[in-house]
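Sequential numbering of the sequence shown, starting at 237, is according to my numbering. Ideal Cβ positions, reconstructed from N, Cα and C, are used throughout, including at glycine. A short worksheet on the structure shown next.
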Amino acid sequence: MKSFGKKIKGIFYYKTTFMMIPHSEKSIFSFHLSNLNVFIVSSLFIVLTSFGIFLNFKMKERKEDFEYYYQENIYYKKQIHSIDKMIPNIKKSQSDLSGKLDKVFGLLGVSAEHQLDNESVLDKNITVSVLDNLELKMESIGTYIENFQNLFQKIPSIFPLVTRRYWLTSPFGYRIHPITGRKEMHPALDIAAFPGTPIRATADGFVEFAGWRGGYGNVVYLQHMGGYTGRYAHMLRVIAVKGHTVKKGEIIGYVGSTGVSTGYHLHYELRLNDVPVNPLHYIALERFWR
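Shown next, in the form of structure tokens:
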């Protein structure tokens, strides 16, 4: 055992000679290092080299992180700048939409605030203080526009015929009846058009009746939002089905001359709580959303 220890000790203390021989005639430089010293120097070199490589890797990693966050910071600065530029347009859009809404309900002869409260289509809590919060502002304006569009979808506000070739033969109001010759109230618009011209629903609705009904001939009754009902009479052919729902602009029939009629035309009648109203006032609403 002692012999083995001496051998190990002898190996460590065994010296190695290092010589440097120049190309010139200068003297040869030499030095001696024990194996222990060589081991220590080599170990230090390996440790220092490994530590240097580790530091270099970490510095490179930190540099990449710094570059990432720097670019991210630039991106968000651009986003904030872009949003700041949008704020005046958002405020203007809200103001324009409010103006349109006032005009719409002015034509309808009802209070905009009352109508919207009844239908729960707008949040009346959109105030300047809320709009100071950018995120809430964007959501509020988006909801405002979406609900405004939904409201128009449910109000009878488009022309009932899918054509540009038509003639208004009898307006809403008192007139001389073309068959009886007597002066009486005409609760609708009579719109002449070529036979087979498509007739469309002027708002989302429920088909209350579709078929033949006396002087109306082939007629469709639609129930709309807020107590509105529409009657589309004298059709050549009915497409709508009783008990179904229809979307605004959906074809429900075709122009004809059935029932008590003097020619091909659509009798378009609009009622609010079963009281006839002038359809022209509602058709005029469409231009405010264009």
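What does residue i pair with, by DSSP beta-bridge criteria?
i, result
"Arg-507", "Thr-465 and Pro-512"
"Val-482", "Gly-441"
"His-517", "BP columns for His-517 are empty, so no partner."
"Arg-401", "DSSP, once it has assigned bridges, lists no residue as partnering Arg-401."
"Asn-454", "Trp-448 and Met-471"
"Tyr-490", "Pro-434 and Arg-473"
"Gln-459", "Phe-442 and Thr-465"
"Leu-502", "Ile-427"
Just the Cα atoms here: how many angstroms apart are residue i and residue j?
i, j, result
"Trp-448", "Ser-331", "47 angstroms"
"Leu-397", "Gln-307", "57 angstroms"
"Ser-356", "Phe-388", "Residue confidence is low: Ser-356 scores 46 on pLDDT, short of 50, so the model does not pin down where it sits. Its coordinate-derived value is still stated next. Cα to Cα, the separation comes out at about 14 angstroms."
"Thr-481", "Glu-303", "58 angstroms"
"Ala-476", "Ile-488", "5 angstroms"
"Met-461", "Gly-441", "7 angstroms"
"Ser-406", "Tyr-504", "11 angstroms"
"Leu-472", "Asn-454", "7 angstroms"
"Val-456", "Val-443", "7 angstroms"
"Ser-279", "Lys-294", "22 angstroms"
"Glu-486", "Arg-507", "20 angstroms"
"Phe-445", "Arg-400", "28 angstroms"
"Tyr-500", "Tyr-452", "13 angstroms"
"Trp-403", "Tyr-464", "25 angstroms"
"Arg-298", "Lys-484", "60 angstroms"
"Ile-415", "Phe-395", "26 angstroms"
"Arg-418", "Ala-437", "31 angstroms"
"Glu-420", "Lys-328", "48 angstroms"
"His-517", "Leu-458", "18 angstroms"
Assuming residue i and residue j make a contact with CB atoms under 8 angstroms, what is their CB distance in whole Å?
i, j, result
"Tyr-468", "Ile-519", "About 14 angstroms; that fails the 8 angstroms criterion."
"Ala-439", "Lys-390", "6 angstroms"
"Pro-392", "Gly-466", "6 angstroms"
Minimum length 3: unbroken beta strand (DSSP E) runs contained in the stretch 406-451:
Entirely contained in the stretch 406-451, the beta strand (DSSP E) runs reaching 3 residues are, in chain order, 409-412, 419-422, 424-429, 434-436 and 441-448.
Exercise. Is the stretch 422-440 touching the stretch 489-507, taking contact as three or more C-beta pairs under 8 angstroms?
Worked result: Yes: the two stretches touch, three or more of their Cβ pairs being nearer than 8 angstroms.
| How do the stretch 408-427 and the stretch 505-514 stand: do at least 3 beta-carbon pairs fall below 8 angstroms, yes or no? | Segments in contact, yes.
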